[in-house]
Structures are given as C-alpha cells and as structure tokens.
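Structure first, then comments.
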Amino acid sequence: MTRGKPWAWVVFGLAALYFLLPLIATVDFSLRIRRGTYSLDAYLNVLADPRFQQTFSYSIFIGLTTILVGIFIVLPAAYYVRLRLPQLRPLVEFVTLLPLIIPAIILVFGYIRLYSSSSWLPLLGWQVGGQYIGGPILLTFAYVALGLPYMYRAIDTGLRTIDVQTLTEAATILGANQFAILAQVILPNIVVAVLSGAFLTLAIVIGEFTIASLLNQQVFGVYMQNVGANRAFEPAALAVISFVITWGAMGMIQLLARFAPKTARKE
Amino acid sequence: MAAEFLRIDKLVKAFGTNQVVKGVDVSFNQGEFVTLLGPSGCGKTTILRMIAGFEKPTSGSITVDGHDITTLAPNKRQIGMVFQAYALFPNMNVADNVGFGLKIANVPRAQREARVEEMLKLIGLTGYGKRFPFELSGGQQQRVALARALAPSPRMLLLDEPLSALDAKIRVSLREQIREIQRELGITTVFVTHDQEEALSISDRIVVMNAGNVEQFGAPFEIYNRPQTRFVATFVGQLNTLNATVADAGRKSVQIGASTVTIPALPATARTGEAIALTMRPEAVSLSDVTGRDIQLEGRVAEVHFLGSVIRLKVDLGGNTISLDTFNDQRTPPPTHGTPVRLGIASSDVLVLGS
Amino acid sequence: MADPVQTGPAMPFWRRVRSGLSGGTLTALLGVAPFVAFAILFLILPTLGLVVQAFVGPDGGFTLQNIVDLSQPQIVSSFSISLRISAASAAIGAVIGLIIALAIIRGKLPESIRSTVMTFSGVASNFAGIPLAFAFLSTLGRLGLVTVILKTVFGIDLYRSGFNLLSFWGLTITYLYFQIPLMVLIIAPAIDGLKKEWGEAAATLGATPYQFWRYIGLPVLWPNLLGTLSLLFANAFGAIATAYALTGSSLNIVPILLYAQIRGDVLQNPGLGAALALGMIVVTALANVIYLVIRARAERWLK
Ligand SMILES: Nc1ncnc2c1ncn2[C@@H]1O[C@H](COP(=O)(O)OP(=O)(O)O)[C@@H](O)[C@H]1O
Ligand SMILES: [Mg+2]
Chain Z
33 MTRGKPWAWV
43 VFGLAALYFL
53 LPLIATVDFS
63 LRIRRGTYSL
73 DAYLNVLADP
83 RFQQTFSYSI
93 FIGLTTILVG
103 IFIVLPAAYY
113 VRLRLPQLRP
123 LVEFVTLLPL
133 IIPAIILVFG
143 YIRLYSSSSW
153 LPLLGWQVGG
163 QYIGGPILLT
173 FAYVALGLPY
183 MYRAIDTGLR
193 TIDVQTLTEA
203 ATILGANQFA
213 ILAQVILPNI
223 VVAVLSGAFL
233 TLAIVIGEFT
243 IASLLNQQVF
253 GVYMQNVGAN
263 RAFEPAALAV
273 ISFVITWGAM
283 GMIQLLARFA
293 PKTARKE
Chain L
5 MAAEFLRIDK
15 LVKAFGTNQV
25 VKGVDVSFNQ
35 GEFVTLLGPS
45 GCGKTTILRM
55 IAGFEKPTSG
65 SITVDGHDIT
75 TLAPNKRQIG
85 MVFQAYALFP
95 NMNVADNVGF
105 GLKIANVPRA
115 QREARVEEML
125 KLIGLTGYGK
135 RFPFELSGGQ
145 QQRVALARAL
155 APSPRMLLLD
165 EPLSALDAKI
175 RVSLREQIRE
185 IQRELGITTV
195 FVTHDQEEAL
205 SISDRIVVMN
215 AGNVEQFGAP
225 FEIYNRPQTR
235 FVATFVGQLN
245 TLNATVADAG
255 RKSVQIGAST
265 VTIPALPATA
275 RTGEAIALTM
285 RPEAVSLSDV
295 TGRDIQLEGR
305 VAEVHFLGSV
315 IRLKVDLGGN
325 TISLDTFNDQ
335 RTPPPTHGTP
345 VRLGIASSDV
355 LVLGS
Chain S
185 MADPVQTGPA
195 MPFWRRVRSG
205 LSGGTLTALL
215 GVAPFVAFAI
225 LFLILPTLGL
235 VVQAFVGPDG
245 GFTLQNIVDL
255 SQPQIVSSFS
265 ISLRISAASA
275 AIGAVIGLII
285 ALAIIRGKLP
295 ESIRSTVMTF
305 SGVASNFAGI
315 PLAFAFLSTL
325 GRLGLVTVIL
335 KTVFGIDLYR
345 SGFNLLSFWG
355 LTITYLYFQI
365 PLMVLIIAPA
375 IDGLKKEWGE
385 AAATLGATPY
395 QFWRYIGLPV
405 LWPNLLGTLS
415 LLFANAFGAI
425 ATAYALTGSS
435 LNIVPILLYA
445 QIRGDVLQNP
455 GLGAALALGM
465 IVVTALANVI
475 YLVIRARAER
485 WLK
C-alpha cells in the first residue's frame, strides 16, 4: 500500500542514475573492442589469458584459506568471550575494529618491516635463493586482518541468536569436550552466520591490490592492475566480472539470511 | 449539560478498499472525559489519529469548539497526545521534554521553567527534571509524557492506550491519577482502551465501538446496565444466557425449563412460540430465593471460583450454565461441587437482546 | 556465572586469573589465545613498529628529524590533497547517503525498493579498488560513455571545461561510489530506530517537520552520523587501489606516496617512510578520537 512520497522518488531516481550509469557504461565499453559492433571478445581475451586463470585461482585459494584461518581465530574467541570472559568484550570488539581504522597499506608496511627480510618469526620470512617464500602465509594473515571486522561481527551475531550457555551445558552433560562442542555443536548452529562472514571476506579479498602487490603476490587484483595499465577494453570486462563476483557473494549472503533461524532477531 | 466541544460528523476512514471507520457521529462536551472502548482493530486509534491530524479522513468532518479542523495540520491543532509507548524524546531530559511545546511556542525561558516545575509537581515528579527518559520506570515515563502533553495548555487531550504497557498495579494507580489531573484542569479528554474495566472506572461517557461503528454512547452505568446491542452486552462485563420460549407474546410471558415467568423487557416484536435468549449479569442472579426474585431455577454447582470478597459460581441448569456472584461470608463456606442449589432472578433484571 | 568469585569487578586482576584457572577459564583463555596472538602479531606490533621506527634515525638512535622532514613540500601537499579528498568524499557521501536512507525509510518507498537498495549498497560498498577505477574510466574517462554522450548529444565538453577524472573532483566522485552505499548501510538501522511517535509527539506540541529534525531527529542520529563520518573518512584516507589504477602515481595522495616509498624508497630514508605511516595513523586515529569524544558527550542519554 505504501506509495512513497514524491521527493523520495526523486532522490531514488537520482541515486539510481549515479549508481547505474557507471555499470551501464562499463558494460557498454567492455563490448566495444571491435569497431562498429558489439562483441564479447574482450571477455574471451580475458578468460583465455593464462595469467587470468592463474591469478584468479590463486586468489580464490588464498580467499578460502583466509576464511578457514579467520574462523579458527575468531570463532573460539567470540564463543569464549560470550560464555566465560564477558569482561574482555570491549577490548575484543575494539581490536576487531582496528582494521577499519588502520589503513591496509600501513598494515602491510608494518609486516614488511617486521617480517620480510630478517624475520624472527618462522614461516613468514623464508628466503630461498633470493626468493621470498613466506609471502602466501603473510598474505593470508593480512587478509584475515582485513576480514576480521566482518568475520567477527557475523559470528558474534550468529552466537547471539543461539543459546550458547544452554547448548554448551547440554553438550557437556553428554560428555563432549570443548573442541567437540565448538566444532560439532556451536559451529553447525551458526553455519549461516559463518558463511555470510565468509562470503563477505571473499568479496573483499578477491580483488585486493595494495597488500598483495607490496608482498609481490601475483593475485587477481594485481593482474587487473597490469591489464589496466596495458589494455583498453579488457579492463572494462574485468570490472564487469568483478562486479558480478561481488554481487554473487552478496547475493549468497542474502540467500543465506533466508535460512537463518527464525528466532534470530533478538535486537 | 455543558457546551458541545468536539464534534465528529459522519467520519469515514478507508485504507485502500478497507474501510476501518464507517461513519462515526459523536460529540463530546467541554471538560468531559470520554473513552473509546472496543476490541483491538476496531478503529479506535484511527479515530484518535484523525482528531490529532495524523490521518486524513476519507470523508466527514471534525469540529473543535465550533472550528472545523478536519484538514488542519497536526502542529496547528493545539491538541495534546499521549502514546502507548511513552514516546519521550530520548535526547532530552525530563525538564526539556516537558518544556518542548513551550520552547516551540517561544515562551520565555523563565516562564517556561516555572511551567515545567508546575507540571512536574502536578505529576508528582518534582526533582526529576535532570533525569533522562531511560533512567525512569515505565509509569514515570508515562507521567512525564502526560506532563509534556499538558504543559502548553492544549485545548484537548488524547490518550491512546496509555496504560497498556504498564504493570497491573501501576496501571490502576496511574489511571486514577490521570483522571484526577483531568478533573483538576477540566480538559476535554479522549481516552482509548480495549479494557472495559478501565473504561467503566474512569469515564464520564463511553463510546463502545465495533468494526468501525459506534455501538453505543453513554455513561458507564448505562452502558453496563442497559446495553443496546448484543455486542455491547457481551463486550462490557460478563453475561449469562438462558434459552427460553415465548409462552404468550401479549402477556410477555416466557417459559424457561418447567417454569413460566413474565419478562417486562420482552420486545413487542416477539412471537408466541418463538425461541429467544434471555441474558442477565452474574450479579443479577442470587443463590436461594430472595424476595422480588420471581424467577426460580434449580441446578447443581459445576464450578466454584473463590475470588476473595466475591465468589463466582457456575451452576449447571441442565442445558444452560449460569454464572453468578455471591459475596464472601466469613461464617458460611461456599457450596461445593455438585451441591443442588436454587437460583433466584428478578425478571426486571433480565435483558432480551436481538441477535 | 557459576562462580561469583570470577566476575567481581573490584577484585585485582591476578586474583581473578588465579581463581579463574581452577575453573573453565583456563580453557577459555586458551580459546582466545589465537585471537590475541593474531591481534598482537598482525595488528598491534606492525603498527607500533612503524610508530617506533618513525623516531629512529639512520644511526639507530632516537630522533625527531623524520617528523620534521614531513614538512617537505611534496609530503605536505600529499597530506593536503588526501585530507581534502577524504573529507569531501566522507562529508558528501554521508549527506547523500543520509538523504537516500531517509528517502527509502521515511519517504515510505515500497519495501521492494528498500531491499533492492540495501542489497545494492552491500555490493557497491565492497566494489572498490581496481575495478571501480575501470568502471569510472569507462564512464567519465576521455572516451567514457557519459563524456561522449555529453559531448555528442548535449554539446558539453567535460574535459575542455576543466574536468579531469584524475583530479580532486574526479577521485571524489569515484570514491562516492562506495562511500554513499556504506553510509546507507550503516545509517539505515539508526533511522529505523527513530520512532514514528517522536515525530507525532513533536507535531502535537506544535513543532514543524524542520523543528522535529532540528531538535530530535538529528540529535538522536548524531552519534551514529559522526561515527559513520569518521569511518568514511578513514575509508577514503587509506584507499589507494582505485586512485592508483586511475592515475598511476601521478596523483600525489599520501597512500600512493607511501606505496612508492615502500616499493622503492623514493624518499631515500626508511625513517621518513615510517614517519609518513605515522602521519596516516595519527590522522585516522584523530578522526576516531574526535568521534569518541563527541559520542561520549551524547552518551548521557544513550542507554
Ligand atoms: N496505516 C494503515 N494502513 C492500513 N491499514 C491500517 C492502517 N492503520 C490501521 N489500519 C487498519 O485499520 C484497522 C483499525 O486499526 P486501529 O484504529 O489501529 O484499531 P484499534 O486502535 O482499535 O486497535 C485495523 O484493521 C488496522 O489493520
Ligand atoms: Mg490502537
């Protein structure tokens, strides 16, 4: 029944113009690689490029690793803060917000200074024959940091919708140990929340440029930048592909939200 | 009677095709406390919001003190309103909330502060001026909301279920306080509730509503004792129903079970031999035959509810079940389940309702 | 709260720890250990490390020279451009985002529009970096669709009239593509929290819609608005990929300068690089401190 106020429609119309024009323009541009006719050649060029295939699959791999590591770091922390250490909550929430405040370039700069050449931490700073080996691991941790605010919020929201205390007590009475409780009782109950955190992380990580480039990692974002510097129409095709991926990740989150427990809204 | 102050004329409101107020005609007097009573969804809030100016009537008019305000903007109406959920401004303390209307009206600060003090005293919250809404209990918040509505001396006060969100005890004490303040200020007040006890206890007059229509408009005593429709009779207070047959329409005599009695209230339209339903309030029925209770019935006690000063019994009459109230008597315990009893009803207390 | 000893706030920390170790708290501490280790190793130490290095000279001793050197013209101008772009894109993004959120919620647009806008905002707020630059090049670049249409259909030559995508306004317009949706996403729940009755109560007390927003609506939203504003500011201030892909290193903003410094030590002084990073940290921290202070003052009425 809501018809909406006229001024609201005007605002909506102008906003739609600003947000849709670049998308239309990009699609249009990506199809113009051949003079005088629309064609999908720019897309075909991109998809057929072995560098695209390599960097894209590498980015996906790093993204999935990031998600797993992120869950491993965040889930137990969020769970125990909720269950046993509520006094730590303000501190933990503050820490999870840090990546929104500290620019990524600062983080990666700090990592390079701290870990790259003469690292005192194993695994991060291997140099074999001048080749920097620790990169992928450092990159993963950096991406965990980028995704931390979203992963923590998603998991904490998930935990809020279930009765952590009762579930834990019930499982303990049945003889489950702490690890089994987390992995087999808590996690399956908040899988929707965890997945939405995961898709958000993926959306952020998949086209990331700054950190990867400074760690010399050949990821999708770095590839896109290279193409952008050297080609005319392929970048537009890449932008469309990226947009579709982002939209897909967000769409998955929306879809998942429908499967969330109906009791979820406590706030 | 005092002068007519608020007049509602053929008021209709439809949301799309859904007519929720279907031609309401009522007028209230200056200084009167009127309650809109009816089940939830019957259109009470909608009427109140049309008086306040938040909904535009589909047709009809609203007149205050001789001026048609049907299309006047809400902020020009000088009508105070109190909401169910308090709706205090969270960013202002109590004093600023109460003084808001005066600030908007550009009342000088000193005068405003004096008025706020006066209002806080009126609601019994002197010294609470610096508190923020979240530091107050529900009952206190609602009193502040009342003070806020009254501070600019509005022409009329509207209250939409102001007590529904409160605990039972506070609900009763606050409704008495509201009534007291209303009397003191003599402000014309429209109060909305779905609670019939609340309505009966504080109103000068009650508008009983059902599905967008006015069923009856009258003083509580009238509404309760002389309900004009079956809806009013059942919605306001408890009601017993006895199935009976008209024995002789001319003599107004009716047969209930084995006995034949005269019912003065039998309508002229009744036909001999017709099946009718007789209704009466629980307090119109007594145990044993008191003088003047000319209808005598026999039955067995089916349920006993000890409510304290009152004992409510359900008596099985073989087909009909009747509720009745007797006062607690310290010396006589109430009858027990299954006890045979005699009931007495005064035929003048019997109502015959159209279906 | 099985063990009241654990939660007594007045108890010294060591007592809490010791009494906690006997219960399940040891497991709990083990559970948060990965998080704590991660936070220290990958958030706190790297940042603190840079802060320290900003005060270390080439000889390894303490110095303020790096901070003093920040005053060289290239760095000052980069901070000036960065601050202006971040402030402009945050402020404009916040205002426009607020208006859009108000339109879909208070303007009573249909539910389908609302959910579309919210989903799209989720996507667009994450559509930053390199692809965003490509999208705006296709739109407002020299051969971009809008540029071309404006020229051929309306006879307006954007680039002749002084516009350049690789400039302050070009970058600001581009940043708005993720700033506005971020604002919408964050502020919409806050606007939902504005109760309809507040507006109605204000109206019955004689207030105009303007007075409602002046005295109630905006003050209630204020802490949220400021918080989002500082977030948008930090968001733009640290952003580099979009600018880099748009302009290469031709636009002199702080993160691009820092990027070049990390890549090849263009400032020829590692300490100065750290000082540059410290400058960025101070700016974003300041934005958040200002927010926290103002929020604390509003806190009086927040539950
Ligand atoms: N804004 C609206 N749009 C559509 N229907 C409404 C609106 N407001 C109220 N209604 C409908 O009008 C009817 C009466 O509502 P209301 O006046 O709030 O009832 P009451 O206050 O007596 O409980 C209800 O059926 C309700 O669903
Ligand atoms: Mg109502």
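Chains Z, L and S are the protein sequences, given in the same order.
With my numbering as the guide, the letters of the first sequence map in order to residues 33 to 299.
With my numbering as the guide, the letters of the second sequence map in order to residues 5 to 359.
With my numbering as the guide, the letters of the third sequence map in order to residues 185 to 487.
For glycine and all other residues, C-beta sits at the position ideal for the given N, C-alpha and C.
Same chain, Cβ closer than 7 Å to residue i, five either side skipped, listed in chain order
i, result
"Asn22/L", "none"
"Ile283/S", "none"
Residue i versus residue j - alpha carbon distance
i, j, result
"Ile206/L", "Val223/Z", "55 Å"
"Asn77/Z", "Ile65/Z", "10 Å"
"Leu405/S", "Val356/L", "59 Å"
"Val314/L", "Asp72/L", "49 Å"
"Thr75/L", "Ala89/L", "26 Å"
"Asn82/Z", "Val337/S", "As written in the sequence, residue 82/Z is Pro, which differs from the Asn given in the question. Rounded to whole angstroms, Pro82/Z to Val337/S spans 41 Å at the Cα level."
"Leu327/S", "Asp60/Z", "12 Å"
"Ala118/L", "Phe136/L", "19 Å"
"Val236/S", "Leu402/S", "41 Å"
"Asn472/S", "Ile228/S", "17 Å"
"Lys335/S", "Asn348/S", "15 Å"
"Tyr132/L", "Leu124/L", "8 Å"
"Gln186/L", "Thr197/L", "17 Å"
"Gly103/L", "Phe195/L", "23 Å"
"Gly143/L", "Met96/L", "18 Å"
"Thr325/L", "Asp208/L", "34 Å"
"Ala425/S", "Phe241/Z", "6 Å"
CB contact check: residue i to chain L, cutoff 8 Å
i, result
"Lys335/S", "no"
"Val301/S", "no"
"Glu490/S", "Residue 490/S cannot be examined here, being either before or after the span of chain S that is shown, 185 to 487."
"Val477/S", "no"
"Lys292/S", "no"
"Thr431/S", "no"
"Pro230/S", "no"
"Trp382/S", "yes"
Residue-level contact to chain Z via CB, residue i, 8 Å cutoff
i, result
"Pro393/S", "no"
"Gly233/S", "yes"
"Ala480/S", "no"
"Pro407/S", "no"
Chain S within 8 Å of residue i, Cβ atoms only
i, result
"Arg185/Z", "no"
"Lys298/Z", "Since pLDDT at Lys298/Z reaches only 39, below the 50 mark, its modelled position is unreliable, and no value is offered."
"Ile65/Z", "no"
"Ser91/Z", "no"
"Ile51/L", "no"
"Arg263/Z", "no"
"Glu125/Z", "no"
Neighbourhood of residue i by C-beta distance below 6 Å, restricted to the same chain and skipping five residues each side
i, result
"Gly190/Z", "Ile222, Ala225"
"Gly70/L", "none"
"Gln82/L", "Pro158, Arg159"
"Ile243/Z", "Ala136, Val140, Ala174"
"Ala235/Z", "Thr278, Ala281"
Residue i beta carbon near ligand 1 (any heavy atom closer than 7 Å)
i, result
"Ser44/L", "yes"
"Val24/L", "yes"
"Phe19/L", "yes"
Neighbourhood of residue i by C-beta distance below 8 Å, restricted to the same chain and skipping five residues each side
i, result
"Asn408/S", "Ile370, Ile371, Ala374"
"Ala281/L", "Thr245, Leu246, Asn247, Ala248, Val356, Leu357, Ser359"
"Phe246/S", "Phe239, Val240"
Heavy atom of ligand 2 within 7 Å of residue i beta-carbon
i, result
"Thr39/L", "no"
"Val196/L", "yes"
Any non-hydrogen atom of ligand 3 within 7 Å of residue i CB
i, result
"Glu165/L", "Absence of ligand 3 is noted for the structure shown, with ligand 1 and ligand 2 being the only ligands found."
Practice item. Output the residue ranges of the alpha helix (DSSP H) runs that lie fully inside the stretch 223-305 of chain L and measure 4 residues or longer, sorted by chain position. Key: The stretch 223-305 of chain L contains these whole alpha helix (DSSP H) runs: 224-229, 234-239.
Point to revise | Unbroken stretches of the alpha helix (DSSP H), 4 residues or longer, contained in the stretch 219-279 of chain Z | key: List check, alpha helix (DSSP H) in window: 223-237, 242-246, 252-262.
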